[in-house]
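Accompanying notes for the structure given below.
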Amino acid sequence: MLKNMMVRTGMMLVLGLFFAAILLAIGFAWRGAGQANTGFESLYSMAVKRADPLHAVREGLLENRLRMALAHRDYLRGEAEKSRANAKLADAVLDQVENTFRQFHAEPKLGDGQRLSNDISQALGAYIPMLRQAAQGFMSGSDSEYGSPAMLAERNILVDKMEKLFTDYYELTHRIYGSMMTEAAQQKTFADVGAIVLLLLAGALVLAGWLYIARIVLRPLEQAGQELGLVAAGDLTHRVEVGSHNEIGKLFTAIRRMQESLSQVVMQVRQGVDEINTGSTEIAQGNTDLSSRTEEQAASLEETAASMEQLASTVKQNADNARQADQLAGTSMGVAQRGGVVVSEVVTTMHAISGSSHKIAEIVNVIDGIAFQTNILALNAAVEAARAGEQGKGFAVVAGEVRTLAQRSAQAAREIKTLIEDSVNKVQAGSRQVELAGETMKEIVDSVQRVTDIMGEISAASQEQSSGIEQVNRAVAQMDEVTQQNAALVEEAAAAASSLESQAQQLRQAVSVFKVSSREVIEMPAVRALT
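This is the structure we're talking about:
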C-alpha cells in the first residue's frame, strides 16, 4: 500500500500530522500559559491592587486616632488652638478614609471578600460618626467625653472588631493567593508535559516521514538520476524499468518515453543531416547563379539611373525655361493690357476733339450769320446815307467800312469753316483708325492671354513631368539600392548555406555519440506528448 501511495499524498499526510502535532503542542502550551497568566493577574489584582485601599483605610484610622489623641492632650493642657487644629486634621483624615473605603467596597471581591467588606462597612458606619462627634467637640472647645471610660471602651470594641475584620480579609487574600499559585503551577506542569509529549510525537512522525521519503522518493530518484546519466552519456540502448504507479513511477515512465523519443529523434536527425548536406549544396549553387544575375541587374540599373538623371536634368531645365516664358508672357499681357487702356483713352480723346470741332463749326456758322446780317445792315445804312445826301456822306463811309469788315469776316468765317470741316473729317478718320487700333490691341491682348494660358499649361505640365521623372529616378535609385541589398543578401545566403553545410557536419558528429538500435527506433510509432 505504501509502495503505491502517491508521493504528494504521503508528503501531505506527514506534513499534516506534523503540523497538527505542532498546533496541539502550541495550543496546550498557550492554554497553560494563558491560565497561569490569568491566575497571576488575579493574584496581583487581589493581593496588591484591591488590598491597597484597605491598607490605606487602616492607616487613615491609625492617623485619626493619633490626631485625636494629640487633640485630647492639647485640650487637657489648655492649648485650645492646637487641639482644634489636630481635631480638624483628624476630621479631614476621616473624609479620606470614607472615600477610599467607598472605592474599595465598590470593587468585586473573591470568595468571602464581599461579606467581610460589608462587615467592615458596618463597623466603620458606627466608628466614624463617633470620631467625628469627638472631633467636632474639640473644634468647638469641649471634651465631648472623648476620654470617658465608656466611650473609650466602645472605641476599643470597634477598633478590635475592625482589626479582626482586616486580619480576616488579609488571611482570605493569602488563602486565595496560595490556591491560585498552586493551580497555576499544576497547569504549567500539565502544559510542559503535554508540549514534551507532542514534541516527541512530532519527532517520531518526522523520522517516519523521512524513512518513508528515503524509501519511496530518494532511492528511486537516485535510480532515475543514473538512468538520465546514461542518456546524457549517449547510451540509449538501456531499457528503463518502471516499478510503481505513483509519481515516481510516472517519472520513470516519462524517462523511458524520453529515451525512446530521443532515439527516434537521433535517427531522424541523422537522416535529416544527409538531406541538409544535399540541400545546402544545391542552395550554394543556386546562390552563385543568382549572385551573378543580380550583379548584372545592378549594372543595368546603374546605367538606367544615370540616364534618368540626365533626362531629369533636361526636363527640369525645360520646366525652368517654360516657367520663364510664362513669366514673360504674363509681362507682355500686362503691357498689352496697358496699351489697350491707352488706346481706349486716345479714342475717348478723339471723340472729345470731334465734338469740340462740331461746336467750333457751329460757332463759325453763327459768326458767318452775324457777318451776313452786318453786311445787310451796312448796305441798308449806305442806302439811307445816299438818301441823306451830303449829310449822310460820313455815315455812308462808315457803313462802307463796316460792310467791308463784314464781308472780310464772312470770308474768314468761310475759310475757318472749311478748315474746321477738313479737321473734323481728319479727326473722324483718326477716330476710326484709333478704334481699329483699339480692336487690334484687344485682339493682341486676347492672343497674349491665350499664349499666357498655354505657357502656363506647358509650365505646369513640365513641372508634373519633372516631378514624375524625379519619382521615377528615386524609384530607380531605390531599385538599385534594393538590388545591391539583394546582392548582399545573396552573398549572405551563400555564406549561410556554407555555414549550414558545416553545421550539418558538426551535427552529424554530435549525433554520432548516441548509441541506438536502428531496427527498434524505425519501427516505433510517434510518441504522444505527456499531459
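Its first residue numbered -11, the sequence shown is counted upward by one per residue in my numbering.
The beta-carbon is built from N, C-alpha and C at its ideal position, and this holds for glycine as well.
Bear in mind that the values here come from a model prediction, so they are computed numbers and not experimental data.
Along the length of the segment 141 to 208, whole alpha helix (DSSP H) runs at least 4 residues long do not occur.
If you draw a straight line from the Cα of glutamine 453 to the Cα of glutamine 416, it is about 54 Å long. Within the model, the alpha-carbon separation for threonine 88 versus alanine 9 is close to 52 Å. Exclusion of the five residues before and after aspartate 107 leaves Leu153 as the residues of its chain whose Cβ lies within less than 7 Å of its Cβ. Exclusion of the five residues before and after alanine 59 leaves Ser71, Asn74, Ala75, Ala78 and Phe126 as the residues of its chain whose Cβ lies within less than 7 Å of its Cβ.
Counting C-beta pairs with one atom in each stretch, the segment 284 to 299 and the segment 454 to 474 have three or more that are closer than 8 Å, which means they touch. If you look at tyrosine 115, you'll find it in the alpha helix (DSSP H) that goes 101 to 128.
Taking the C-beta atoms as reference points, aspartate 356 is found no nearer than 9 Å to alanine 425. Between the alpha carbons of serine 249 and glutamate 215 lies a gap of roughly 15 Å.
In terms of CA proximity to glutamine 110, Glu86 leads the group Glu86, Met255, Ala476 and Asn309.
Three or more Cβ pairs drawn from the segment 146 to 162 and the segment 41 to 50 lie within less than 8 Å of each other, which places the two stretches in contact. With at least 16 other beta carbons inside 10 angstroms of its own, glutamine 252 counts as buried. In the displayed model, lysine 381 falls within a helix according to three-state DSSP. DSSP places lysine 503 in the strand class (E or B) of the three-state scheme. In this structure isoleucine 408 is buried. Its beta-carbon is surrounded by 16 or more other beta-carbon atoms within 10 angstroms. Taking a C-beta distance under 9 Å as the contact criterion, methionine 150 and leucine 54 do not qualify as a contact pair.
Per the coordinates, the alpha-carbon of glutamate 47 lies some 15 Å from the alpha-carbon of tyrosine 158. Within the segment 413 to 452, not a single complete alpha helix (DSSP H) segment reaches 4 residues in length. Cα atoms of methionine 118 and glutamate 133: separation of roughly 11 Å, rounded to the nearest angstrom.
Around the beta carbon of lysine 347, fewer than 16 other beta carbons sit within 10 angstroms, so the residue counts as exposed. A buried status is given to threonine 161, since no fewer than 16 other beta-carbon atoms sit within 10 Å of its beta-carbon. In this structure, the alpha-carbon of glutamate 210 lies about 22 Å from that of methionine 0.
The segment 379 to 391 and the segment 358 to 366 touch, with three or more beta-carbon pairs separated by less than 8 Å. Between arginine 65 and the set Gly129, Leu11 and Val2, the nearest pair of CA atoms involves Gly129. For serine 345 and valine 412, the gap between their C-alpha atoms comes out near 6 Å. Taking 9 Å as the cut-off, the beta carbon of valine 352 is found no closer than this to the beta carbon of alanine 387. For aspartate 223, the pairing in a beta bridge is given by DSSP as Lys503.
Annotation: glutamate 270 to valine 219 spans about 35 Å, alpha carbon to alpha carbon. If the five residues before and after alanine 370 are omitted, its C-beta is found closer than 8 Å to the C-beta atoms of Ala384, Ala387, Gly388 and Arg391, all from its own chain and listed in chain order. Under the three-state reduction of DSSP, valine 228 is assigned to coil, being neither helix nor strand. When C-alpha distances from asparagine 144 are compared across Gln451, Ala114 and Thr170, the shortest belongs to Ala114. Counting only residues of its own chain and dropping the five nearest sequence neighbours on each side, glutamine 421 has no CB closer than 6 Å to any other CB. DSSP, reduced to helix, strand and coil, places tyrosine 134 outside both helices and strands of the structure shown, so it counts as coil.
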